[in-house]
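Below is one structure, written out as structure tokens; comments come after it.
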Amino acid sequence: MRRPRSALTDTNLPGTFGRARVRFVNAGSDVGPVDVLVNFAKVFSNVANGAASTYIEELEDSYTITFDHAGTTSEI
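Counting in this note's numbering, the sequence shown runs from 1 upward without gaps.
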């Protein structure tokens, strides 16, 4: 039987005008830790299963977001 995960703590602060405030949650059950890339540049490393990154603010725009197995260039 799987144990339910607890909720993530969140401050829910608004972003700066014209910017989006985002964070990434690794909600995969069997993926392992991941690196988060925004427009192909790594912004977070080793985000564990059931964990979240800190927040970042980016200009409101379109972005390519990808996830790699932590420490590799192997995209998930």
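Using N, Cα and C, we set each Cβ at its ideal position, and we do this for glycine too.
Local conformation of residue i per DSSP, three classes
| i | result |
| --- | --- |
| asparagine 49 | coil |
| phenylalanine 17 | coil |
| leucine 59 | strand |
| valine 38 | strand |
| isoleucine 65 | strand |
| phenylalanine 44 | strand |
| valine 22 | strand |
Beta-carbon proximity list for residue i, same chain, < 7 Å, skipping 5 on both sides
| i | result |
| --- | --- |
| glycine 28 | Asn49 |
| leucine 59 | Gly18, Arg19 |
Contact belief for residue i with residue j at Cβ below 8 Å, rounded distance in angstroms
| i | j | result |
| --- | --- | --- |
| valine 47 | valine 34 | 5 Å |
| phenylalanine 67 | isoleucine 56 | Contact doesn't hold; Cβ gap of about 15 Å is too wide. |
| arginine 21 | alanine 52 | Not really, about 13 Å apart at Cβ, beyond 8 Å. |
| glycine 32 | histidine 69 | 6 Å |
| leucine 8 | valine 25 | 7 Å |
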